[in-house]
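A.B. asks:
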Ligand code: ADP
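Numbering (UniProt numbering), first residue to last: 1 to 483.
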């Protein structure tokens, strides 16, 4: 229960104040490992969203006027506090999300790394001076913050998805209104509290907690004062937010669903491929948008790859994320569990064979056994839909051309992985894959230094790296005449 949790705010944070919803509504946050209620949080609606937008608007000019040095120093302090209190934040994260404590701690450090990165990058928002066609003037190009940004974030990385948006936006000189997922609001609230301690001024960073996602999202997208929407979540909600944002012609960054191919060629280093598969597939119980979703294995190594992967998967330690040595926690909710169960059942009915797992785990209601299925074909639902569960479907292939076509045969284009020791093949396939990110002989590729993002219906915009800052900047051209 709450008493055992580190102290964590449970109110919304608007304009520098912790506050409840005007109508007094609250919602429960539960631990997916046990079903226990761990907190009751303010359930905001339109009124609070409007107040948060107004606060962010009022703070915008002052924050943008602060030079990059002091702005970065605040972000750096925020990062330091997050690192100092990583254990506490990790426990809150595990309680509301379910992931193993070691992964939760890793996520906190990963989230903090965006604050560090953008605190430094803020100093390098360069413009340029371009020679004009005419002798008596010069073309000046500068970058300015886009203004008030709205962020809507998911439950699978409740700290990191928020921090990589907030760090970039604030570094660029933008203010923000963020709506975390209702499953995991506490990680956002504790992050906001550390932001206050670090010196983020009132109104610059606001958190609207809510179960009324459509209402809050409707207000954020309808407001002409919100100049940008940044979203991480499902493609369906992303489409809706884009439609809604059209009326006020907002800038947008969309980090949406994926259907990542994980391709292992006969010439791969099998040890590396197995390690990569374990990391890419089973992190966060398979609930990441870059998780390997279709494992394409070339025919020459399929039997050995399948046998070794199944043995590793069967040995994974499943349980409450707080359990020592835990490697796989519960799924986030009943809908997530039911989807995983359905996809495995449908694959079985269509002729696929379960090599490991394939049923509910004894650890509890929302736990699914880490699973490997072989004999999967591209038409099966498990290969068509984003699984978001600990299930590895193995699909055989014979040639490079065949697997490129199969891998690209999806509306998604977020992450792809390929394992080969042939340098020419690595280049050829890496370039041919229609994905925003390609891991070559690596199963994990996220980093604050790298541009994270997708193509096709996985979205657009990049988070992290120099490009991550560009997404929060407008280009301004001034013509300097009278020379
Ligand atoms: P998931 O199915 O993984 O929960 P969603 O795309 O539904 O993914 O959720 C991602 C985020 O989008 C969450 O913060 C959720 O509350 C929010 N969300 C869901 N529906 C809407 C909506 N209609 N408008 C705005 N935000 C929404």
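Even for Gly, the Cβ is constructed at its ideal location relative to N, Cα and C. All values derive from a computational prediction rather than experimental measurement.
Can you grab the Cα-Cα spacing for the pair residue 349 / residue 154, in whole Å?
C.D. replies: Looking at the two C-alpha atoms, the distance is approximately 32 Å.
A.B. asks: Here's the rule: buried if 16 or more other CB atoms are within 10 angstroms of the residue's CB, otherwise exposed. What is residue 23?
C.D. replies: Its Cβ having fewer than 16 others within 10 Å, residue 23 is exposed.
A.B. asks: Who sits around the ligand ADP, taking every residue whose Cβ is closer than 5 Å to one of its heavy atoms?
C.D. replies: Cβ-based neighbours of the ligand ADP within the cut-off: 152, 154, 181, 213, 214, 217, 233, 234 and 237.
A.B. asks: Give the secondary structure of residue 155 by DSSP, where H, G and I count as helix, E and B as strand, and everything else as coil.
C.D. replies: Here residue 155 sits in coil by DSSP.
A.B. asks: How about residue 412 and residue 256: do their beta carbons lie closer than 9 Å?
C.D. replies: Yes, these two residues count as a Cβ contact at 9 Å.
A.B. asks: Let me check one thing: in DSSP terms, what residues is residue 497 bridge-paired to?
C.D. replies: With the chain covering 1 to 483 only, the question about residue 497 has no answer from this structure.
A.B. asks: Quick check on the burial criterion: 16 or more other C-beta atoms within 10 angstroms. Buried or exposed for residue 243?
C.D. replies: Classification for residue 243: exposed.
A.B. asks: Please confirm whether residue 418 and residue 263 have their CB atoms less than 9 Å apart.
C.D. replies: Closer than 9 Å, so yes.
A.B. asks: Assuming residue 201 and residue 59 make a contact with CB atoms under 8 Å, what is their CB distance in whole Å?
C.D. replies: Correct: roughly 6 Å between the Cβ atoms.
A.B. asks: With 16 as the cutoff for other CB atoms within 10 Å, does residue 485 come out buried or exposed?
C.D. replies: Absent from the model: residue 485. The displayed extent of the chain is 1 to 483, so no value can be given.
A.B. asks: Between 232, 259, 303 and 396, which lies nearest to residue 382 when the distance is taken from Cα to Cα?
C.D. replies: When each option's Cα is compared against that of residue 382, the closest is 259.
A.B. asks: Cα-Cα, which of 309, 457, 215 and 9 is closest to residue 239?
C.D. replies: If we check each option's Cα against that of residue 239, 457 comes out closest.
A.B. asks: Just how far apart, CA to CA, sit residue 227 and residue 64?
C.D. replies: Cα-Cα distance, rounded: 14 Å.
A.B. asks: Under a three-way DSSP split, which group does residue 3 fall into?
C.D. replies: With a pLDDT of only 40 at residue 3, under the threshold of 50, the placement of this residue in the model should not be trusted; the figure read from the coordinates follows. DSSP places residue 3 in helix when its eight states are reduced to three.
A.B. asks: Mind checking who residue 261 pairs with in its DSSP beta bridge?
C.D. replies: Partner(s): 294.
A.B. asks: Which residue wins for smallest C-alpha separation from residue 454, given the options 346, 424, 433 and 311?
C.D. replies: That would be 433, whose Cα lies nearest to the Cα of residue 454.
A.B. asks: Go ahead and pull the three-state DSSP assignment for residue 452.
C.D. replies: Strand.
A.B. asks: Give a yes or no on whether the C-beta atoms belonging to residue 452 and residue 50 are separated by under 9 Å.
C.D. replies: Result no, Cβ atoms of residue 452 and residue 50 do not sit closer than 9 Å.
A.B. asks: Could you tell me whether the Cβ of residue 280 comes closer than 9 Å to any Cβ of chain C?
C.D. replies: Here chain C cannot be found, since the structure has a single protein chain.
A.B. asks: Any idea what DSSP makes of residue 313, helix, strand or coil?
C.D. replies: Helix, per DSSP.
A.B. asks: With DSSP as the reference, identify every bridge partner of residue 138, one or two as the case may be.
C.D. replies: For residue 138, which the question treats as bridged, DSSP gives the partners 131 and 480.
A.B. asks: Helix, strand or coil, according to DSSP, for residue 20 in the structure here?
C.D. replies: Residue 20 falls in the coil class under three-state DSSP.
A.B. asks: Mapping DSSP to helix, strand and coil, what is residue 231?
C.D. replies: In the structure shown, residue 231 sits in a strand (DSSP, three-state: E or B).
A.B. asks: Quick check on DSSP: helix, strand or coil for residue 367?
C.D. replies: Three-state DSSP puts residue 367 in coil, outside helix and strand.
A.B. asks: One question on the structure: do residue 57 and residue 267 come within less than 9 Å of each other, judged by their Cβ atoms?
C.D. replies: Not a contact, by the Cβ cut-off of 9 Å.
A.B. asks: If residue 208 and residue 177 are in contact, beta carbons under 8 Å, what's the gap, nearest whole angstrom?
C.D. replies: 6 Å between Cβ atoms; contact.
A.B. asks: Quick one: what's residue 106 bridged to in DSSP?
C.D. replies: Note: residue 106 sits in no beta bridge, so no partner.
A.B. asks: I believe residue 447 touches residue 459 by the beta-carbon criterion, under 8 Å. Please report the beta-carbon distance rounded to the nearest angstrom.
C.D. replies: 19 Å between Cβ atoms; not a contact.
A.B. asks: Short of 8 Å in beta carbon distance, which residues of its chain neighbour residue 162, apart from the five on each side in sequence? Order them along the chain.
C.D. replies: 111, 151, 153, 178, 180, 187, 188 and 191, listed in sequence order.
A.B. asks: Thinking C-beta only, is residue 379 closer than 9 Å to residue 352?
C.D. replies: No, these two residues do not count as a Cβ contact at 9 Å.
A.B. asks: May I ask you to list the residues that DSSP assigns as paired with residue 458?
C.D. replies: According to DSSP, residue 458 bridges with nothing at all.
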